[in-house]
Structures are given as C-alpha cells and as structure tokens.
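Visitor:
Numbering (the UniProt record's numbering), first residue to last: 1 to 150.
1) Roughly how many angstroms lie between the CA atoms of residue 107 and residue 100, to the nearest whole one?
2) Mark residue 121 as exposed unless 16 or more other C-beta atoms lie within 10 angstroms of its C-beta, in which case mark it buried.
3) Indicate the three-state DSSP secondary structure (helix, strand or coil) for residue 50 in the structure shown.
4) Under 7 Å Cβ to Cβ from residue 93, same chain only, skipping five residues before and after it: list those, please.
5) What residue range does the alpha helix (DSSP H) around residue 98 cover?
6) Suppose you measure from the CA of residue 88 to the CA of residue 42; what does that come to, to the nearest Å?
7) Taking the alpha helix (DSSP H) that residue 121 belongs to, which residues open and close that run?
8) Between 38, 112 and 52, which has its C-alpha nearest residue 104's C-alpha?
9) Assign residue 132 to one of two classes, buried (16 or more other C-beta atoms within 10 Å of its C-beta) or exposed (fewer than that).
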C-alpha cells in the first residue's frame with residue numbers, strides 16, 4: 001500500500017473518503033488500493049449470482065405462510081398456549097415433570113407423537129398433567145378444533 005498525498009488516480013479507490021482540501025495530517029491516513037476495471041468486473045460476475053440467490057432464498061416473498069387461515073390458526077394456538085399451558089410448559093419444557101416436555105424426542109418416547117394422542121392427553125390428561133376436556137371453552141379451543149364426532 002502507498003500513502004496518499006495527492007488526488008486519486010483513475011486506477012485507485014480510496015478506502016477513506018474526505019475532501020481533497022483535507023489537512024496534511026488527515027491525508028497521511030488515506031490509503032489507495034489499486035483496482036483494475038477488469039478485476040472489478042470479474043468480482044461482480046463471480047459473486048453477484050450466488051449473492052442474489054442467497055438474498056432471494058431468505059426473502060419473505062419466496063417463503064410466505066401457507067395461507068392466511070394457517071397464520072390465524074398459529075396465532076390462536078399461541079394465544080391459547082400462553083394462557084393455558086405456559087405455566088408448566090414454558091419454552092417447551094416441563095417444570096413439574098422434566099421428562100414430559102413438548103420436545104419431539106420426549107413426545108415420541110412418551111407415546112404422544114400423533115395428533116390423536118396429543119388430543120387425548122390434552123382432553124383427558126396424563127400422569128400429573130390435568131385434562132382440560134369440557135372445561136376448555138369455547139368448545140374445541142384446547143383440543144385443536146372440533147373433532148369429527150362433534
């Protein structure tokens with residue numbers, strides 16, 4: 001690297017921008033990095049496509065919710081969970097019975113890995129967990145919506 005003491009040449013980019021009338025002390029800290037036009041074109045051609053792909057992949061436009069109905073169901077479920085379940089199952093754990101968490105590995109180990117089993121445990125209870133059954137109003141709120149027999 002060279003110290004910059006005069007105006008920038010056509011082949012150099014300044015890392016630190018300041019006016020050409022800067023005092024001598026400021027210009028001592030201004031550096032030049034030689035950049036050829038071909039090198040810049042190569043970098044743009046090389047990195048633009050993967051960078052664009054990454055930006056599109058993480059864009060919310062490419063990953064919208066399945067439907068507005070699904071989004072509303074998720075919000076309603078979160079509200080019910082925060083009101084009825086979070087006291088024992090905060091962050092998915094279980095403060096009363098540590099092995100009975102809401103994590104998939106514990107649900108599978110405890111035989112509660114299907115929608116029907118989750119419904120049964122929520123409605124009737126299991127172990128130290130009380131069942132919410134008919135006490136959960138409006139009907140179906142704690143049991144993932146109305147059942148086929150309803």
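Built from N, CA and C at the ideal position, the CB exists for glycine as well.
Guide: The answer reads as follows:
1) Residue 107 sits at position 107 when you count from the first residue of the chain shown. Residue 100 sits at position 100 when you count from the first residue of the chain shown. Each residue's CA atom was taken as its position, placing residue 107 and residue 100 some 7 Å apart.
2) Numbered from 1 along the chain shown, position 121 holds the residue referred to as residue 121. Burial call: buried.
3) In the chain shown, counting from the first residue as 1, residue 50 sits at position 50. DSSP places residue 50 in helix when its eight states are reduced to three.
4) The residue given as residue 93 occupies position 93 in the chain shown. Only 101 meet the Cβ criterion.
5) Stepping through the chain shown from its first residue, residue 98 is reached at position 98. Counting along the chain, no alpha helix (DSSP H) covers residue 98, and no H or E run does either.
6) Stepping through the chain shown from its first residue, residue 88 is reached at position 88. Stepping through the chain shown from its first residue, residue 42 is reached at position 42. Between residue 88 and residue 42, the C-alpha separation is close to 57 Å.
7) As a first step, residue 121 is located in the chain shown; it is residue number 121 there, counting from the start. 115 to 124 is the span of the alpha helix (DSSP H), which, as asked, contains residue 121.
8) One-based indexing of the chain shown puts residue 104 at position 104. For residue 104, the closest alpha carbon among the candidates 38, 112 and 52 is that of 112.
9) Translated into positions along the chain shown, residue 132 becomes position 132. Looking at its Cβ environment, which holds 16 or more other Cβ atoms inside 10 Å, residue 132 is buried.
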